[in-house]
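K.L.:
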Amino acid sequence: MTLVKKSSSTNNANHAQGGSLRKGLNRIATATINRRGFLIRAGVTAGAGLMARHLPFNVIEPAAAAEPVNTVGPANTELKHTVCSHCSVGCSVDAIVHNGVWVRQETAFDSPLNMGAHCAKGASVREHGHGEHRLRYPMKLVNGKYQRISWDQALNEVGDKLLQLRQQAGPDSIFWIGSSKHNNEQAYLMRKFVSMWGSNNTDHQARICHSTTVAGVAQTYGYGAMTNSFNDLHNSKAVLFIGSNPSEAHPISMLHFLHAKELGAKMIVVDPRFTRTARFAHHYVRIRPGTDIAFVWGLLWHIFENGWEDKEFIAARTYGMEEVRREVAKWTPQKVSDVTGVPEAAVRQAAEMLAKNRPSSVVWCMGITQHHVGTANVRSLSILQLALGNIGTAGGGANIYRGHDNVQGATDVGPNPDSLPGYYGLAEGAWKHFAKVWGVDYEWLLSRYGSKELMEKPGTTVSRWFDGVLEKNDYVDQPSNFRAVVYWGHAPNSQTRLPDMKAAMQKLDMLVVIDPYPTMTAAMHGRKDGVYLLPATTQFETQGSCTASNRSIQWRERVIQPLFECKTDHEIMYLFAKKFGFADELCRNIKVVNNEPVIEDILREINRSCWTIGYTGCSPERLKLHMHNKHTFNPTTLRAEHGPCKGDYYGLPWPCWGTPEMKHPGTPILYDLSKPISEGGLPFRANWGVEYKGESLLAADGSTNMDSEIDTGYPEFDHIFLKRLGWWAELTPEEQAAAEGKNWKTDLSGGIIRVAIKHGCAPYGNARARCHVWNFPDPVPVHREPLMSPRRDLVKQYPTYDDKAAFWRLPTLYKSVQAKDFSQDYPLIMTSGRLVEYEGGGDETRSNPWLAELQQAMFVEISPQDAMQIGVQTKEFVWVETPSGARLKVHAMVTPRVPQGTVWMPYHFGGWWMGEDLRKNYPDGAAPIVLGEAANTGWTYGYDAVTMMQETKVSLCRVVRV
């Protein structure tokens, strides 16, 4: 299919649009139609969604021909409630299914999250269910061509090879790449599956988008998640967007902020590029990439200098702020301007707007996280909000927008290399907890691993799996290099250093791709054999829960049955488990129907196990009730005002404490002392002991939740603490038996949690937030120059970390990379980001004709000054060349959005390889409509010093004419 841009001429525009569109509108005008019907037919529902939410009910009542609720026409026509499968705002979609065919979608005006609005991606999700470019049956690469095979052949050949490699090289010789597109139940089952295979070598998309957020925020406040919600921005008086472009990356979230702006909220945008979000800003700050910590300390310099900090909050609820003050004192306005490129007046203005318009919120995304100092970046912003007293309050918060529909949930309960579901870690106690939940013997689980040491050692990360193939085994901290890799719902072009990845793919014994779409993996590997493509379903062909950025959990109904020969991910897991011999253990507490584990049973197992983060009160029944009563929830507070969910917060945002029978309403704002724990309040988590170097880590007297019977800081609850308080007798005899020797996280009865909340206490204690994190490389964040810095004078002042020998099982370089000066040959700073039309690696969205028409070519944004020096104009091809030796052939887009000396590229493209079109390498008919160079083909080395997050926001390049 060839796509071209519509002509801008009047005649052509009239012909293209005035024909069908005008005729359609004329037909509508002559018919009797209500407002809702008009909006649906005219395709303008997205823009009208927010307004329609507040219209009188008689204005948007159902059309006369419609029948109530789930019967929207003939008896064989159904309405199915689902959720958009792109970014994690959590937009509801109403799917109309006729005779098993998804015929159309309607806007969900009743959703408190999207209120009837959709972006371009959400408005076209039906195409992903019925997409023509999907994998339709299992395929095998034979002499460079993909051939159709049966499922039995695929399962046997892939299974036999994996078992052979396990026997030869051990269970750690396979790397399992999970998915942030899996629902919670599939993500959980995959971590369980890989654990029973006997390895921690599993990971997913969150590693390369928000692992630094999870680590940085969790080690500051207690939980690694967004503290407030998109909707809560209605209460903000000022919002700082830094490293975040929600107008393109999370479009519907902007409706909530624009509502706040209409009420008077101030908007600050900090970004190297003038984005679509920046156009709304009261104050735009252009910053040099890689200098975020220096900028944030510049803000705090002015805040401390003028006494704008919240002294009472700091004294009662934080630890280590004095050490922050000492570091901030070094960042005088002159120094901040020199390092960041931001004038002193602009820094002061931003600080004053935040300080004098409270509560103020901070929103960040991958512009903050994807750096080799990403965790430190996150912590600096977390500390900024503590200094201003903006945590635990409506309109404040650290609001982190996640980029995939279930990346939050997959992180919470899914395939992480350093933890079991619920962030339980890998210590023996965590394994014994899950052994009991799973109904298997701990010794059997241990026997599945190469050793106890490997069982308790974090695995390799998805950002570095290819180094686990290419690195000499002497330097790999496990018995064998990787011999096979399973890509299970993940795009390779979302990772950096693609030439190294391609070399690793060619060295593997076997490469397996399990996905609804073949992804760029199918085309880039350069192999002749040893590649298998297994067709999974989309999320519209299954059911289950997914977790939005704000921690709300929503239930998707199955819209259509699996198409072609596609199988659900959890069925494929079960079939492989049968092949490997542990299907009975995998589903001991889970009913299996026609080889498909029952999703509701998997969620109930999550409910019985993940006490740490409160995934225990969100039963399938409660989540389904929420989805069918969305209209009862307030679009600002997210609380149900009437109906069967009255008092609950929409989606039971975790932690939803205790058992489902406790009916905890969910926690809309983390660390909010103004509510009782039973009503969604919380203090900071006591996760680091009660003192450090003689200084108390518990909250000050009086800093407790409403109705708390303990009026001071207190540690986390366990059987000993409960007995000392005299509350042990309040457990039932059955609860006492289960809770003996346990703490709140491992008491399977939930009794410890129930009694703690009954007395108004948080099960996890009441502590201070940590500004000083002694277990991190930099206990207080410090500025470190990017590895590929053009400012060699600053590299000497602010060097990076020392190289590490064994970090997540691999050697990792820092100073040795930074030592080489590439800036003379590669004079341009390179950065990257998202487009509104596409998402992630782009395979699904670039296969959607409605989206493909909107953005048909990969490009690089370059300033007019740089374009003039190179002699290039918009739409001409250029080569973007990087220090890695990669060359990307892309269109030039000359624009003042980027400053002189900086270029920007979107990262959703794939299917070209350094100028070569790889369409011929895809299975017939499965290549996306739009192909282009992957930005990450050219991206250079760099990894966060805590989480192994990849560096994708600052490097160097040069641009030359083709």
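Read in numbering that gives the first Met the number 0, the sequence shown has 131 at position 132, and its numbers run on one by one without any break.
Backbone N, C-alpha and C define an ideal beta-carbon position, used for all residues, glycine too.
(1) For A944, count neighbouring Cβ atoms within 10 angstroms of its own Cβ and tell me buried if that reaches 16, exposed if not.
(2) With distances taken Cα to Cα, identify the nearest neighbour of Q817 among G394, E784, K919.
(3) Using a Cβ distance threshold of 8 Å, determine whether the region 635–651 contacts the region 601–609, with at least three qualifying pairs required.
(4) With a threshold of 8 Å, are at least 3 pairs of Cβ atoms found where one atom belongs to the region 928–936 and the other to the region 792–806?
(5) Can you tell me where the beta strand (DSSP E) with I513 in it begins and where it stops?
(6) In this structure, does DSSP put I756 in helix, strand or coil?
(7) Grouping DSSP H, G and I as helix and E and B as strand, with all else coil, what is H97?
(8) Across the region 457–473 and the region 142–161, are there enough close Cβ pairs to call them in contact, namely three or more that are closer than 8 Å?
(9) Report the residue from V484, S450, Y448, D476 whose alpha carbon sits nearest the alpha carbon of C465.
(10) Out of G839, T636, Y837, which one is the CA nearest neighbour of P664?
(11) Could you please give the first and the last residue of the uninterrupted alpha helix (DSSP H) stretch that includes I559?
(12) DSSP three-state call for D202: helix, strand or coil?
(13) Using the Cα positions of S84 and M114, report the straight-line distance between them to the nearest angstrom.
(14) For the beta strand (DSSP E) that contains W150, what are its first and last residues?
(15) Take P789 and list the residues in its own chain whose beta-carbon comes closer than 6 Å to its own, dropping the five residues that flank it on each side.
(16) Can you look up M225 in the DSSP assignment and give me helix, strand or coil?
(17) In angstroms with no decimal places, state the Cα-to-Cα distance between N230 and R960.
(18) Please specify which runs of the alpha helix (DSSP H), each continuous and at least 4 residues long, are wholly inside the region 346–375, giving them in chain order.
(19) Determine whether the beta carbon atoms of G388 and F312 lie at a separation below 8 Å.
(20) By Cβ distance below 6 Å, which residues in the same chain neighbour W175 in space, the five residues on each side in sequence not counted?
(21) Report the CB separation of G177 from P414 in whole angstroms; it is logged as a contact under 8 Å.
(22) Assign S544 to one of three DSSP states: helix, strand, or coil.
(23) Have a look at G289, A426, G340, Q868 and flag the residue whose alpha-carbon is nearest the alpha-carbon of H371.
(24) Assuming R975 contacts D820 (C-beta within less than 8 Å), just tell me the rounded distance between them.
(25) Would you grab the beta carbon distance between R957 and E880 for me? Rounded to a whole angstrom, and I think it's under 8 Å.
(26) Counting Cβ pairs, one atom from each stretch, are 3 or more of them under 8 Å apart for the region 861–874 and the region 130–148?
(27) According to DSSP, is G832 helix, strand or coil?
(28) Compute the Euclidean distance between the alpha carbons of W487 and Y136, then round it to the nearest angstrom.
(29) According to DSSP, is L964 helix, strand or coil?
(30) Taking the C-alpha atoms as reference points, what is the distance between L955 and D801?
(31) Sort E595, N594, T631, L651 by Cα distance to S618 and report the nearest one.
(32) On a CA-only basis, which of D159, N765, E836 is nearest S702? Give me that one, please.
(33) M454 lies in the alpha helix (DSSP H); which residues open and close that run?
(34) Please report the straight-line C-alpha distance between L134 and N920, rounded to a whole angstrom.
(35) Since I267 sits in a beta bridge, which residues does DSSP pair it with?
(36) Can you round the beta-carbon distance between A980 and H233 to whole angstroms, since I take them to be within the 8 Å contact cut?
P.N.:
Looking at the atomic coordinates:
(1) Here residue 944 refers to the residue found at position 945 when the sequence shown is read from its first residue. Classification of A944: buried, given that the 10 Å Cβ count is 16 or more.
(2) On the sequence shown, position 818 is the one that residue 817 refers to. The residue with the shortest Cα to Cα distance from Q817 is E784.
(3) The region 635–651, when compared against the region 601–609, does not touch it at the 8 Å Cβ threshold.
(4) Remark: fewer than three beta-carbon pairs, one from each stretch, lie closer than 8 Å, so the region 928–936 and the region 792–806 are not flagged as touching.
(5) Stepping through the sequence shown from its first residue, residue 513 is reached at position 514. Per DSSP, the continuous beta strand (DSSP E) segment holding I513 begins and ends at 509–514.
(6) Mapped onto the sequence shown, residue 756 falls at position 757. In the three-state scheme derived from DSSP, where H, G and I count as helix and E and B as strand, I756 is classed as helix.
(7) For the purposes of this step, residue 97 is taken as the residue at position 98 of the sequence shown. Looking at H97 - three-state DSSP - the assignment turns out to be strand.
(8) No: fewer than three Cβ pairs fall under 8 Å.
(9) For the purposes of this step, residue 465 is identified with residue 466 of the sequence shown, where counting begins at 1. One point to set straight first is that residue 465 is Phe, not Cys, in the sequence displayed. The residue with the shortest Cα to Cα distance from F465 is V484.
(10) Looking up residue 664 in the sequence shown gives position 665. If we check each option's Cα against that of P664, T636 comes out closest.
(11) Here residue 559 corresponds to residue number 560 of the sequence shown, with the count starting at 1. Counting along the chain, I559 falls outside any alpha helix (DSSP H), and DSSP gives it neither H nor E.
(12) One-based indexing of the sequence shown puts residue 202 at position 203. Look at D202 here: in three-state DSSP terms it is strand.
(13) The residue labelled residue 84 in the question sits at position 85 within the sequence shown. The residue labelled residue 114 in the question sits at position 115 within the sequence shown. Distance between the alpha carbons of S84 and M114: 17 Å.
(14) To locate residue 150, count along the sequence shown from 1; it is residue 151. Here W150 belongs to no beta strand (DSSP E); instead the alpha helix (DSSP H) covers 150–168.
(15) For the purposes of this step, residue 789 is taken as residue 790 along the sequence shown, with counting starting at 1. Taken in chain order, the residues that qualify are S822.
(16) Taking the first residue of the sequence shown as 1, we reach residue 225 at position 226. Of the three classes helix, strand and coil, the one that applies to M225 here is coil, per DSSP.
(17) In the sequence shown, the residue the question calls residue 230 occupies position 231. In the sequence shown, the residue the question calls residue 960 occupies position 961. Each residue's alpha carbon lies about 46 Å from the other.
(18) Runs found: 365–368.
(19) Taking the first residue of the sequence shown as position 1, residue 388 is located at position 389. Taking the first residue of the sequence shown as position 1, residue 312 is located at position 313. It is a contact, given that the beta carbons lie within the stated cut-off.
(20) Your numbering for residue 175 matches position 176 in the sequence shown. If you ignore the 5 residues before and after W175, its C-beta comes within less than 6 Å of the C-beta of V193, T201, V485, all in its own chain and listed in chain order.
(21) Numbered from its first residue, the sequence shown carries residue 177 at position 178. Numbered from its first residue, the sequence shown carries residue 414 at position 415. About 4 Å; that satisfies the 8 Å criterion.
(22) For the purposes of this step, residue 544 is identified with residue 545 of the sequence shown, where counting begins at 1. In the structure shown, S544 sits in a strand (DSSP, three-state: E or B).
(23) Here residue 371 is taken as the residue at index 372 of the sequence shown, counted from 1. Per the C-alpha coordinates, the member of G289, A426, G340, Q868 positioned closest to H371 is G289.
(24) Because the chain spans 0 through 961 in this model, residue 975 falls outside it and cannot be assessed.
(25) Taking the first residue of the sequence shown as 1, we reach residue 957 at position 958. Taking the first residue of the sequence shown as 1, we reach residue 880 at position 881. The Cβ separation is near 5 Å, so the contact holds.
(26) Contact between the region 861–874 and the region 130–148 is absent: fewer than three C-beta pairs spanning the two stretches fall below 8 Å.
(27) Position 833 of the sequence shown, counted from the start, is the residue given in the question as residue 832. G832: strand per DSSP, three-state reduction.
(28) Locating residue 487 in the sequence shown gives position 488, where the first residue counts as 1. Locating residue 136 in the sequence shown gives position 137, where the first residue counts as 1. Their backbone Cα atoms lie some 16 Å apart in a straight line.
(29) This structure cannot speak to residue 964, because the chain is shown only from 0 to 961.
(30) The residue given as residue 955 occupies position 956 in the sequence shown. The residue given as residue 801 occupies position 802 in the sequence shown. So the alpha carbons of these two residues sit roughly 21 Å apart.
(31) Counting from 1 along the sequence shown, the entry for residue 618 is found at position 619. S618 has its Cα closest to that of L651, out of E595, N594, T631, L651.
(32) In the sequence shown, counting from the first residue as 1, residue 702 sits at position 703. Ranking the options by Cα distance to S702, first place goes to N765.
(33) The sequence position of residue 454 within the sequence shown is 455, counting from 1. First-last of the alpha helix (DSSP H) with M454: 451–454.
(34) Within the sequence shown, residue 134 is the residue found at index 135, counting from 1. Within the sequence shown, residue 920 is the residue found at index 921, counting from 1. Taking the Cα positions, L134 is about 14 Å away from N920.
(35) Counted from its first residue, the sequence shown places residue 267 at position 268. Answer by DSSP bridge pairing, in chain order: L239, H282.
(36) Since the first residue shown for the chain is 0 and the last is 961, residue 980 is missing from the structure and cannot be characterised.
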